[in-house]
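Here the protein sequences come in this chain order: A, B, C and D. Numbering of the first sequence is given in the working numbering, commencing with residue 1103 and proceeding in unit increments. Numbering of the second sequence is given in the working numbering, commencing with residue 1103 and proceeding in unit increments. Numbering of the third sequence is given in the working numbering, commencing with residue 1103 and proceeding in unit increments. Numbering of the fourth sequence is given in the working numbering, commencing with residue 1103 and proceeding in unit increments. Just so you know, even glycine gets a beta-carbon here, dropped at the ideal spot from N, CA and C. On a predicted model such as this, the values are computed, not experimentally measured, just so you know.
Protein chains: 4
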Amino acid sequence: MFIEILPNSDTPIYTQLMYQIKIGILKKEWSYGDGLPSVRSLASELGINMHTVNKAYNLLADEGVLVKNQKGYFVSERAMMASNEHTKAAIQDKLKEILIDKQIFEVSEETFNGWLNEIEKELEGQGKADADI
Amino acid sequence: MFIEILPNSDTPIYTQLMYQIKIGILKKEWSYGDGLPSVRSLASELGINMHTVNKAYNLLADEGVLVKNQKGYFVSERAMMASNEHTKAAIQDKLKEILIDKQIFEVSEETFNGWLNEIEKELEGQGKADADI
Amino acid sequence: MFIEILPNSDTPIYTQLMYQIKIGILKKEWSYGDGLPSVRSLASELGINMHTVNKAYNLLADEGVLVKNQKGYFVSERAMMASNEHTKAAIQDKLKEILIDKQIFEVSEETFNGWLNEIEKELEGQGKADADI
Amino acid sequence: MFIEILPNSDTPIYTQLMYQIKIGILKKEWSYGDGLPSVRSLASELGINMHTVNKAYNLLADEGVLVKNQKGYFVSERAMMASNEHTKAAIQDKLKEILIDKQIFEVSEETFNGWLNEIEKELEGQGKADADI
DNA sequence: GTGGTCTAGACCACT
DNA sequence: GTGGTCTAGACCACG
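Printed below as a string of structure tokens:
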């Protein structure tokens, strides 16, 4: 799994990391039960601080995406990632902001749907390939 | 135009304000050339800091949604709000995050489309009413 | 509110702090909506690190005991502190451990109930006094 | 005696093991003078580290629940398990934490007593059955 | 002045 | 060698 971090982005590093890991799971580069790199090794590999990785891992554990035990962090069962109310509300809020900007900046329905498809195709990645076998 | 600010919210006040103004424009409560309340008056009306209103107005001017002259801030022509590359990229980034979470938390296509429709209907709101006249 | 931290205890400082704040709320030394000391001021007052206070505040916010906004941390409404399943399970697990030790070490029913009453009386504190008025 | 270890748990394995052994004693599956499985055999049976079993046994010996001699670890007399001051204080501290959370999260007296009874019944378990013989 | 983020580095608990 | 805790100190976002 190649994780790319942009240190000068306005999204915090730990947030970037959370999404990169989620993408890795969606692309089936990690599966249920797989262990993630240790906090310290991933930190040194990415050239960032241990605590930043730790924060990302912990938030993912709070969301139910990862589980932790004394041995480290692991990908949890999909069933555990049930979206709670808080998560749902957050998604809806973000969606509302996007739709407002879509209308204000007059992004056409075609362009918007093009983006949707493009991103969904990108997220399938390896998973799609597997399905084709 | 009724602007509602939630002081206890994760989203910064200036961001809330930006979206509330955009909603006002979408609902046609303000049209091209209309002047916005002065920074000071809006700040006191909403009970928030003057600098916060100023920041929101300035960012909206950066986005091309408002224009500023010696008299104050005004709603710009829709054509001026053409999405520049930066804005487009921002929308796409947000969209990607949403779609990742949608898949990770297994939000069904139906539920997601339901949200989309619900929000779009909400955004029509007053605008729709006007059209009916 | 006097908060006492034992740096050499085996319970982490942030946990001690969480319980001390909860006690403060139970004793009505803080009420709904009251703001807590700033992360940095409480840290310096207690002679501990800012991040430790921050962790305690954040965990209390996760539990619903506090709410945070851009202005700081505040005591949330009692209704918001609804015990979720996770919290309940944690309490039950702890309770089971206590009852096991109670029986293993042959703590009599009388002694145990004495402890219960003693602690509950201690927790009433100022609240009881108010009720007496 | 069936000992169940949950490797994915917040409570350390050695702690889980300590309580499982205490439960075994309460349920009279081991009595005064009975020898416990050797450190190595129990470790391999449970699929955990030898040091972990050793730590649990040693702590139980510290608490007076087990005694150690050249032949191994044995259940000590009930009288030896008399709660020392340190143990008492530990129980009271835990109890205080529970009662704080009970009040903060508004667990009703009925619910709480329900939990108490449920757990005590569970701890009788096999012991109760023996008594019936 | 408030909290948020990030870094650097130390010591400890668990296995 | 794993994560957990704590400290110290810097820079940024928000109001």
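Is the beta carbon of L1225(C) less than 7 Å from the beta carbon of L1128(C)? Here residue 1225(C) is taken as the residue at index 123 of the third sequence, counted from 1. Here residue 1128(C) is taken as the residue at index 26 of the third sequence, counted from 1. The beta carbons of L1225(C) and L1128(C) sit closer together than 7 Å.
Give every residue of the same chain whose Cβ lies closer than 6 Å to the Cβ of W1132(B), excluding the five residues on either side of it in the sequence, and list them in chain order. Looking up residue 1132(B) in the second sequence gives position 30. If we look at W1132(B) and ignore the five residues flanking it on each side, its Cβ neighbours are G1126 and V1177.
If I follow the unbroken alpha helix (DSSP H) through Y1121(C), where does it start and stop? Start at 1 with the first residue of the third sequence, and residue 1121(C) comes out as number 19. Secondary structure note for Y1121(C): its alpha helix (DSSP H) is the uninterrupted segment I1115 to L1128.
Return the CA-CA distance between N1156(D) and N1110(A), expressed in angstroms with no decimal places. Residue 1156(D) sits at position 54 when you count from the first residue of the fourth sequence. Residue 1110(A) sits at position 8 when you count from the first residue of the first sequence. Rounded to whole angstroms, N1156(D) to N1110(A) spans 50 Å at the Cα level.
Does chain B have any CB closer than 7 Å to the CB of D1232(A)? Within the first sequence, numbered from 1, the residue matching residue 1232(A) stands at position 130. Model confidence at D1232(A) stands at a pLDDT of 49, short of 50, so the residue's coordinates are unreliable; what they give is reported in the following sentence. At a cut-off of 7 Å between C-beta atoms, D1232(A) does not count as an interface residue with respect to chain B.
Selected residue, minimal CA-CA separation from A1163(D), among M1120(D), S1140(D), M1152(D) and W1217(D): Reading the fourth sequence from its first residue, position 61 is the one you call residue 1163(D). Answer by Cα proximity: M1120(D).
The segment 1188-1204 of chain C contacting the segment 1184-1199 of chain D, beta-carbon criterion three pairs below 8 Å: Contact between the segment 1188-1204 of chain C and the segment 1184-1199 of chain D is present: three or more C-beta pairs spanning the two stretches fall below 8 Å.
As assigned by DSSP and simplified to three states, the class of G1216(B): The residue labelled residue 1216(B) in the question sits at position 114 within the second sequence. In the structure shown, G1216(B) adopts helical secondary structure according to DSSP, grouped into three states.
Determine the DSSP secondary structure at L1138(C), reduced to helix, strand or coil. Against the third sequence, residue 1138(C) aligns to sequence position 36. Reduced to three states, the DSSP call for L1138(C) is coil.
Below 7 Å between beta carbons: does that hold for N1151(C) and A1145(C)? The sequence position of residue 1151(C) within the third sequence is 49, counting from 1. The sequence position of residue 1145(C) within the third sequence is 43, counting from 1. With contacts defined as CB atoms closer than 7 Å, N1151(C) and A1145(C) qualify as a contacting pair.
With a cut-off of 7 Å, does the C-beta of D1136(D) fall near any C-beta of chain C? One-based indexing of the fourth sequence puts residue 1136(D) at position 34. No, no contact with chain C.
Answer with buried or exposed for Y1134(C), where buried requires no fewer than 16 other C-beta atoms within 10 angstroms of its C-beta. Looking up residue 1134(C) in the third sequence gives position 32. By the neighbour-count rule (16 or more Cβ atoms within 10 Å), Y1134(C) is not buried but exposed.
Compute the distance between the beta-carbons of K1204(B) and F1214(B), then report whether it is under 7 Å. Working through the second sequence from its first residue, we reach residue 1204(B) at position 102. Working through the second sequence from its first residue, we reach residue 1214(B) at position 112. For K1204(B) and F1214(B), yes; Cβs fall inside 7 Å.
Could you tell me whether any Cβ in chain C is nearer than 7 Å to the Cβ of N1255(B)? As shown, chain B starts at 1103 and ends at 1235. That puts residue 1255(B) outside it, with no answer to give.
In whole angstroms, give me the CA-to-CA distance for G1166(D) and E1208(C). Here residue 1166(D) refers to the residue found at position 64 of the fourth sequence. Here residue 1208(C) refers to the residue found at position 106 of the third sequence. Each residue's Cα considered, the two are about 12 Å apart.
Three-way DSSP call (helix, strand, coil) for L1225(A) in this model: Position 123 of the first sequence, counted from the first residue, corresponds to residue 1225(A). It is helical.
Starting from the C-beta of L1138(A), find all residues in its chain whose C-beta is less than 6 Å away, skip the five residues before and the five after it, and write them out in chain order. In the first sequence, residue 1138(A) corresponds to position 36, counting from 1. Closer than 6 Å at the Cβ level, and outside the excluded window around L1138(A), lie Y1175.
Rounded to a whole number of angstroms, what is the C-alpha to C-alpha distance between E1220(D) and I1123(C)? By one-based count along the fourth sequence, residue 1220(D) stands at place 118. By one-based count along the third sequence, residue 1123(C) stands at place 21. As the crow flies, the alpha-carbon of E1220(D) is around 30 Å from that of I1123(C).
Any idea what DSSP makes of K1173(A), helix, strand or coil? Counting from 1 along the first sequence, the entry for residue 1173(A) is found at position 71. Secondary structure of K1173(A) (DSSP, three-state): coil.
Beta-carbon of L1201(D) versus every beta-carbon of chain C: anything under 7 Å? Start at 1 with the first residue of the fourth sequence, and residue 1201(D) comes out as number 99. Judged by the 7 Å Cβ criterion, L1201(D) is in contact with chain C.
L1201(D) in three-state terms, based on DSSP: As a working mapping, residue 1201(D) is identified with position 99 in the fourth sequence. It is helical.
Answer yes or no: does any C-beta atom of chain B fall closer than 7 Å to that of F1176(A)? As a position in the first sequence, residue 1176(A) is number 74, starting the count at 1. For F1176(A), the answer is no, since every Cβ of chain B falls outside 7 Å of its Cβ.
For G1216(D), which option in S1140(C), L1108(C) and K1190(C) has the closest C-alpha, if you only look at C-alpha atoms? Counting from one through the fourth sequence, the residue named residue 1216(D) turns up at place 114. Out of S1140(C), L1108(C) and K1190(C), K1190(C) has the C-alpha closest to the C-alpha of G1216(D).
Could you tell me the distance, in whole angstroms, from the CA atom of T1117(D) to the CA atom of D1112(C)? Walking along the fourth sequence from the start, residue 1117(D) turns up at place 15. Walking along the third sequence from the start, residue 1112(C) turns up at place 10. Cα to Cα, T1117(D) sits roughly 15 Å from D1112(C).
Note down the Cα distance separating L1218(D) from S1210(D), rounded to an integer number of angstroms. Walking along the fourth sequence from the start, residue 1218(D) turns up at place 116. Walking along the fourth sequence from the start, residue 1210(D) turns up at place 108. So the alpha carbons of these two residues sit roughly 12 Å apart.
Going by beta carbon distance, what residues of the same chain come within less than 6 Å of V1169(C), once the five residues before and after it are set aside? By one-based count along the third sequence, residue 1169(C) stands at place 67. Around V1169(C): F1176 and S1178.
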